[in-house]
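K.L.:
Take a look at this one; I'll ask things after.
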Amino acid sequence: MMRKRFYNAIFASGIGFILTCMMVGISLNTEGTTLKVEGASAAQWTWIGIGISLVFLSQLFAGQVDAFLGAVPKPQLSKLLPEEGKRAMLKPWLLAALLVVMLVWPFMVSRGSVDLATLTLIYIMLGLGLNIVVGLAGLLDLGFVAFYAVGAYTYALLSQYFGMSFWACLPLSAGLAALFGFLLGFPVLRLRGDYLAIVTLGFGEIIRILLNNWTSVTGGPSGISGIAKPSLFGLEFTRRAKEEGATTFHEFFGIDYSSSYKVIFLYLIAVILVCFVIYVINRLMRMPIGRAWEALREDEIACRSLGLNRTMIKLSAFTIGASTAGFAGAFFSARQGFISPESFIFIESAIILAIVVLGGMGSQVGVILAAIVMTILPELAREFSEYRMLLFGLLMVVMMRWRPEGLVPMKRPHLELKT
Amino acid sequence: MKRFNKKLLTLSSAICLAGAINAAQADTIKIAIAGPVTGPVAQYGDMQKIGALMAIEQINKAGGINGDTLEGVIYDDACDPKQAVAVANKIVNDDIQHVIGHLCSSSTEPASDIYEEEGVLMITAASTSPTITEKGYQTIFRTIGLDSMQGPFAARYVVNTIKPKNMAIIHDKQQYGEGLATAVKNVVEEAGIKPVMFEGVTAGDKDFSALIAKLKRNNVDFVYYGGYHPELGLILRQSREKGFTAKFMGPEGVGNADISKIAGEASEGLLVTLPQSFDQDPANQALVAAFKEKNEDPTGPFVFPAYSAVQVMTESMKATGKSDPEALAAHLRSTSFDTTTGKLEFDAKGDLKDFSFVVYDWHADGTKSPAK
Amino acid sequence: MTETSLYVIQQLINGLTIGSTYALIAIGYTMVYGIIGMINFAHGEIYMIGSYISFIVIAGLLGMGFISLPVILIVALIVAVVIASTYGWTIERVAYRPLRGSNRLIPLISAIGMSIFLQNYVALSQSSRDVALPPQITGGWTFGDPSVFEVSFSYMQLLIWSATLLVMVLLTLFISRSRMGRACRACSEDLGMTNLLGIDTNRIIALTFIVGAALAAIAGLLLGLYYGVVNPYIGFIAGLKAFTAAVLGGIGSIPGAMLGGLILGVTEAMTSAFFPSEYKDVVSFGLLVLILLFRPSGILGKPEVEKV
C-alpha cells in the first residue's frame with residue numbers, strides 16, 4: 000500500500016516537474032532582435048522545488064490528508080435553517096430586516112463599498128436573468144452579454160440623441176432587449192444543447208462587432224461618453240445644475256453637497272430594481288409558465304406529449320431573461336457614464352454563466368450569493384495585484400470541485416401534505 | 000474629505016506657512032498610479048508605472064516636497080472601463096487626491112468623470128483621445144500629445160513629402176487606432192489624396208494574408224496604420240513574405256523596439272511619428288542610467304511622460320505649498336514647467352499647449368533616425 | 000488567367016492555410032465532446048502553451064549553435080507534444096475527472112476557470128509581451144503574370160498543408176484501425192456500456208485529452224513558425240475559432256472538424272477579400288448560424304436521436 004503510494008507520489012512530482020520546468024524554469028527573452036532563452040533565477044528554481052516537494056508529500060500522505068479532511072464536518076446549510084413551519088413564520092420578518100439593512104447600510108460605510116455593492120447588484124440582476132434561461136429552462140446561453148449590451152446602448156443612445164431621462168429609458172431598454180431575445184430565440188430554438196450554446200455565443204460576438212463597426216451611430220470603439228445620471232423627480236445629483244433654472248438635490252433640500260449622495264442614490268435604484276426583478280421572477284416561477292420552463296428542462300419529450308407548446312415556452316424564457324439583462328444594461332450605462340463595446344466581451348458572458356452555475360442553477364438565493372462571491376473576490380484579491388486573475392481562475396476550478404451542485408441547490412416551491 | 004479653503008492667503012505667505020508646518024511634521028503624500036497591471040496591455044501599464052515610480056523615488060531622494068515624502072500606490076484597472084470606475088471610487092475612498100493615470104483612453108474617460116466630481120487631480124501620461132478633455136474638466140490634465148495633433152501631423156508629412164499614388168489607411172478598430180486613422184484620412188482627403196482603402200482589422204488577429212493580398216491587388220504604394228505594434232509588426236512581416244513592398248507609416252503606438260523583434264528585417268524603413276525620444280536627450284542620461292541600473296527599460300513611449308506628470312504635480316505642490324487639487328490645478332494652468340519631456344505648458348482644457356512630434360525612420364535593429 | 004481569378008486563388012490559398020490550423024485545434028474539441036459531451040474551453044490554452052514550448056526549444060537550440068533546421072524542428076515538435084500532452088492530461092485529471100457525472104455545465108465552468116488560470120500562469124512566468132522568432136522557413140513559389148497579379152505560395156504554407164494532411168491521415172488510421180481507437184469509438188457511442196464491457200473508460204478519456212493536446216501542440220508549432228509571434232492571449236481567440244469550426248462541421252465528428260476548419264478559414268479569407276475585413280467575424284458567425292438552421296447538428300454531425 001505504502002509502496003504504491005510512493006510510486007504515485009514519484010509520478011505526480013515527475014508530472015509537476017514536466018509542467019513547470021519549461022514554463023517557469025526557462026523564460027524567453029529578447030536581446031536586441033534575437034530571441035534568447037534564459038534559465039530562471041535560483042529563487043525561482045527554489046520555488047519550483049518547494050512546489051514539487053509539496054506535491055510529492057501531499058500524494059505520499061494522500062490517505063492521511065483525506066482522512067483529516069473527512070473528519071472536518073462539511074457545512075450543512077440545511078441544518079442551520081430552522082424547521083419548515085417556523086421558517087414560514089420567520090420569513091417575512093427576515094425579509095423586512097434584510098431590506099432595512101440594505102437601505103440603511105450605505106449611509107454607514109465608505110463610498111467605495113457602496114460602489115462595489117452597486118456593481119454586485121448589477122451582476123445579481125444579470126445572474127437572475129440568465130438564471131431563467133439556463134437554470135430554469137435549461138437552455139445553455141453563452142451570449143447573454145448581447146442583451147446586456149442592447150440595454151446599455153439603448154439608454155446611452157436615447158439619452159445622447161434625444162435627451163431622454165433614465166426613467167423613461169429603463170422600460171424601453173428592457174423592451175428592446177426583450178425584442179432582441181425574441182428575434183434570436185425564434186430561429187435558434189430548433190437547436191439543442193451545445194449547438195444552441197455556440198449560436199448564442201456567435202450572436203453575442205456579432206452584436207459586439209456591429210456596435211464596434213457602426214461608428215456613425217454608436218461612436219464605434221470610442222463608445223459613448225457623458226451619459227446622464229438618473230435624477231430623483233428631476234433633481235440632479237451634480238454639484239452645479241446642468242441647465243439653467245434646474246435645481247440640484249442638495250440645493251432643494253438645503254444640505255451641503257456631497258458626491259456620495261449620488262453613489263448612494265445609484266445604489267438605492269439598484270436595490271429597487273433587483274427587488275422588482277426578484278419579485279417578478281418569483282411570481283413567474285409559480286405561474287404555469289414557470290412550471291413549464293422547469294418541466295421542459297427536465298424532459299422535453301414528455302412536455303411535448305403533454306401538449307405544451309415548446310416554442311412558446313422557450314421563447315418566453317429567452318425574452319424574459321433578455322429583458323432583465325436590458326434592465327441591468329441601462330443601469331450599467333447610468334452608473335458608468337461611459338460605455339464602449341469592450342465592456343461586452345465574451346468573458347463577461349462566461350462570468351455571468353459562472354454565477355448561475357455556482358449559485359446552483361435555478362436557485363435565486365444561490366444566484367445572489369454567487370454574484371456576491373464573484374464580484375467581491377476579485378476586489379479582495381486586489382492585494383495580490385498581478386496574481387489576481389490567476390487566483391480567480393483557480394478559485395473557479397476549486398469551487399466547482401468543492402460544491403458541484405452549487406452554493407444553494409435549487410428547491411422548487413412546493414407544498415407538502417401533512418399526513 | 001480634507002478641503003483647505005485659504006483663498007485669502009497670498010501665494011507667498013502660503014509657501015511660508017506650509018513650509019513652517021511641514022518642517023514640524025513630515026507627512027507622506029500618496030500618489031495613486033492607476034493603469035493595467037494584468038491583462039494584454041499590462042506592458043504599457045508597466046511603462047507608466049516605472050516612469051512614475053522613478054520620479055517619486057528621485058524626488059524623495061532630493062528631499063521630497065518641503066520635507067514631505069511621496070508614496071506611490073499602484074491600482075490595477077486591467078484597462079477595463081468597469082474596473083476603472085471601481086478603481087476611481089476606491090482611490091477617492093482611500094483619500095488619495097493625486098492620480099497618475101489611467102492608461103487606456105476608454106478607462107480614463109469614465110474614471111476622470113469621478114475624479115472631476117471629487118476634486119481629485121488626475122494627470123494621464125498615456126491617454127491620447129481628444130474627447131477626454133473636451134468636457135471642460137478642471138482637475139484633469141495630460142502630459143502627452145493628442146491623437147488630434149498627431150494624426151494631422153502625420154497626414155501633412157504624407158501630403159508634403161511622400162505624395163503617394165495609391166494610399167491605404169488601415170486601423171485596428173480601437174479608439175486610439177481608428178481615431179488616428181480618421182484624422183489622417185480627413186487631412187489627406189482635403190489635400191486631394193483619396194485613399195483607395197480605409198479598413199479596420201481585428202486587434203489580436205495573427206493572420207493578415209488576406210488583407211495583404213487585397214493591398215497588393217489595389218496596387219497600394221503607401222500604407223498608414225493606426226494602432227499598436229503587435230498587429231503592424233505582423234503585417235510588415237507577412238508583407239515581406241508575400242513580396243508586398245509598399246512603404247508603411249504608423250503612430251507612436253508602433254514605435255517600440257518590439258516591432259523590430261516581430262517584423263525583423265521588414266521593419267527597416269518604416270516611418271513612425273513619435274514624440275521626441277526623451278531617452279536620447281542628453282539631459283536625461285542620468286535618469287536613463289538610473290532606469291538601466293534597476294533593470295528597467297526607459298525607451299517605452301509613456302515612461303518619460305509619466306515621469307514628467309509626477310514632476311509637474313510635485314513642482315506645483317512645492318510652489319503652492321499645498322496638496323489641495325484645486326490649488327494645484329490653478330497653478331498648473333498658470334505657469335510653465337521644466338521637465339524631462341521639455342518645457343510644458345497647459346491650456347485651459349488641461350492639454351499641453353505644444354507637444355511636438357517628429358517623423359522617424361525605423362531600423363531593423365530597433366533604433367530610429369530622423370527621417371529626411 | 001484574369002486578374003480576379005488569380006486574386007481568388009491567392010485568397011483560397013490563404014484561407015486553406017489558416018483553415019488547416021483551425022482544423023488541427025478543432026479536433027481536440029471534437030474528440031473530447033464526442034466522448035464526454037463537454038466543451039473543453041481550456042483547449043485553446045494548450046495550443047498557446049505548445050507554441051511557447053516550441054519557441055523555447057527552437058531558441059534554445061539555435062542559441063546553442065545547432066544549425067540543422069530539420070533536427071531543430073523535430074526536437075521542438077517532440078518536446079512540445081510531450082509537454083502539451085502532459086498539460087492536457089493534468090487538466091483532465093485535476094479539473095474535469097472529479098466532476099464527471101455532475102451536471103454538464105459544471106465542467107464547462109471549471110474549464111473556463113482553467114483557461115483564465117493558464118493564461119495568467121503563462122503571462123506571469125513568460126511576461127505578457129509578444130515574443131517573436133525570426134522567420135525560419137522562408138521562400139516559396141510565385142506564379143501568374145507580375146503585371147496583372149502575382150500569386151504567392153510559400154514553403155511554410157506547403158508545410159502547414161502537408162503536416163495537417165499527414166496528421167489527419169494518421170489520426171484517422173489510429174481511430175479506425177488500432178485497439179485504442181476502437182475503444183475510443185466505443186466510448187463515444189455509449190460510455191456506460193463500454194465501461195460495462197471491461198474497457199477502462201477513464202484511460203480512454205485521458206487518452207483523448209492527450210491526443211487532442213498533442214494536435215494542439217503541433218498546431219502551436221506550425222502557427223508559431225508561420226506567424227513568428229506568441230503571447231499568452233493567442234489561445235483564447237484561436238480556441239473560439241476552432242470551436243466554431245468544430246460545431247460547423249458537426250461536433251463529435253473528426254472529418255467534420257477538418258471540413259469545418261477549412262470552410263471557416265476560406266470564408267474568412269473571402270470575406271476579407273471582397274468586403275471590409277472588420278466584418279470577417281460577423282460573416283463567419285453568421286454562416287455558422289445559417290448552417291445550423293438548416294442542419295441543426297452541423298455539416299457532418301449525426302442527427303441526435305431523441306430517446307425517451
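Chains as they are written, first to last, in numbering that gives the first Met the number 0: chain A, 0 to 418; chain B, 0 to 371; chain C, 0 to 307.
Each residue gets a CB set at the ideal place from its N, CA and C atoms; glycine is no exception.
Note that the structure is a prediction, hence the values are computed from the model and not measured.
Straight-line CA distance for Val147(C) to Thr3(C)?
P.N.:
9 Å
K.L.:
Return helix, strand or coil for Pro274(B), following the three-state DSSP convention.
P.N.:
In this structure, Pro274(B) counts as strand in the three-state DSSP scheme.
K.L.:
Please decide whether Gly252(B) counts as near chain C, where near means a Cβ-Cβ distance under 7 Å.
P.N.:
no
K.L.:
Quick one: what's got a C-beta closer than 7 Å to Glu295(B)'s C-beta in the same chain, skipping five residues either side?
P.N.:
Ile49
K.L.:
Is the beta carbon of Glu108(B) sitting closer than 7 Å to the one on Tyr136(B)?
P.N.:
no
K.L.:
Run down chain C in chain order and give the residues with a C-beta less than 7 Å from the C-beta of Gln42(B).
P.N.:
Ser127, Arg128
K.L.:
Show which residues of chain A have a CB atom less than 9 Å away from the CB atom of Leu98(C).
P.N.:
Met399, Arg400, Pro403
K.L.:
Anything in chain A within Cβ reach of Phe142(C), meaning under 7 Å, just list it in chain order.
P.N.:
None at all; the shortest Cβ gap to chain A is about 32 Å.
K.L.:
When you compare only the Cα positions, how much space is there between Met53(B) and Ser230(A)?
P.N.:
Straight-line measurement puts the Cα of Ser230(A) at about 44 Å from the Cα of Met53(B).
K.L.:
Can you give me the C-alpha to C-alpha distance between Ile32(B) and Asp75(B), rounded to a whole angstrom?
P.N.:
Their Cα atoms are separated by approximately 9 Å.
K.L.:
With DSSP collapsed to three states, give me the class of Arg141(B).
P.N.:
strand
K.L.:
In angstroms with no decimal places, state the Cα-to-Cα distance between Gly405(A) and Phe221(B).
P.N.:
Annotation: Gly405(A) to Phe221(B) spans about 57 Å, alpha carbon to alpha carbon.
K.L.:
Decide yes or no for the touch test of the region 217-228 of chain C against the region 36-53 of chain C: beta carbon pairs closer than 8 Å, at least 3 of them.
P.N.:
yes
K.L.:
Rounded to the nearest angstrom, what separates Met148(B) and Gln9(C) at their Cα positions?
P.N.:
39 Å
K.L.:
Beta-carbon of Asn88(B) versus every beta-carbon of chain A: anything under 7 Å?
P.N.:
yes
K.L.:
Is Asn212(A) close to chain C? Criterion is C-beta to C-beta, closer than 7 Å.
P.N.:
yes
K.L.:
I need the straight-line Cα distance from Leu102(B) to Asn230(C), nearest angstrom please.
P.N.:
In this structure, the CA atom of Leu102(B) is about 21 Å from the CA atom of Asn230(C).
K.L.:
Which residues in the same chain have their Cβ closer than 8 Å to the Cβ of Ala151(A), if we skip the five residues on either side of it in sequence?
P.N.:
Ser172, Gly328, Ala329, Phe331, Ser332, Ile338, Ser342, Phe343
K.L.:
Answer with buried or exposed for Trp92(A), where buried requires no fewer than 16 other C-beta atoms within 10 angstroms of its C-beta.
P.N.:
exposed
K.L.:
Would Ser322(B) pass as a contact of Ile58(B) if the rule is Cβ separation under 7 Å?
P.N.:
no
K.L.:
Based on the DSSP secondary-structure assignment, which residues constitute the bridge partners of Ala33(B)?
P.N.:
Here Ala33(B) is bridged, per DSSP, to Tyr74(B), Gly100(B).
K.L.:
Excluding the five sequence neighbours on either side, which residues of its own chain have a C-beta within less than 7 Å of the C-beta of Thr201(B), listed in chain order?
P.N.:
So the qualifying residues of the chain are Lys172.
K.L.:
What are the partner residues of Trp292(A), as DSSP defines its beta bridges?
P.N.:
DSSP, once it has assigned bridges, lists no residue as partnering Trp292(A).
K.L.:
Which residues, in chain order, does the region 335-351 of chain A contribute to contact with chain B at a C-beta distance below 7 Å?
P.N.:
Gln335, Gly336, Phe337, Ser339, Glu341, Ser342
K.L.:
How many whole angstroms separate the CB atoms of Ala176(A) and Ala353(A), which I take to be in contact at a CB cut-off of 8 Å?
P.N.:
Ala176(A) to Ala353(A), Cβ: 21 Å. No contact.
K.L.:
Quick check on the DSSP output: the alpha helix (DSSP H) that includes Ser328(A) runs from which residue to which?
P.N.:
In the sequence on display, residue 328(A) carries Gly and not Ser. Per DSSP, Gly328(A) belongs to the alpha helix (DSSP H) from 309-335.
K.L.:
At which residues does the beta strand (DSSP E) containing Val36(A) begin and terminate?
P.N.:
First-last of the beta strand (DSSP E) with Val36(A): 33-38.
K.L.:
Just to confirm the assignment: which complete alpha helix (DSSP H) runs, minimum length 4, are found wholly within the region 178-220 of chain A?
P.N.:
192-212, 214-217
K.L.:
Our contact map puts Ile64(B) next to Thr339(B) with C-beta atoms below 8 Å; I'd like the distance itself, whole angstroms only.
P.N.:
Rounded, the Cβ-Cβ distance is 18 Å, inconsistent with contact.
K.L.:
Are Gly299(B) and Phe140(B) closer than 7 Å when you measure CB to CB?
P.N.:
It is not a contact, given that the beta carbons lie outside the stated cut-off.
K.L.:
In chain A, what lies closer than 8 Å to Ala58(C) by C-beta?
P.N.:
Leu27, Leu34, Lys35, Val36
K.L.:
Once DSSP output is grouped into helix, strand and coil, what is the label at Tyr223(B)?
P.N.:
strand
K.L.:
For a cutoff of 7 Å on Cβ pairs, would you count Glu177(B) as touching chain A?
P.N.:
yes
K.L.:
I believe Ser84(C) touches Ala212(C) by the beta-carbon criterion, under 8 Å. Please report the beta-carbon distance rounded to the nearest angstrom.
P.N.:
Indeed, because the Cβ distance is near 5 Å, the residues count as touching under 8 Å.
K.L.:
Residues in the same chain with beta-carbon distance under 6 Å from Gly184(A), minus the five sequence neighbours each way, listed in chain order, please.
P.N.:
Leu314, Phe317
K.L.:
Near Val150(C), which residues of its chain fall below 6 Å by C-beta distance, leaving aside the five closest residues on each side in sequence?
P.N.:
Leu5, Ile8, Gln9, Phe142, Gly143
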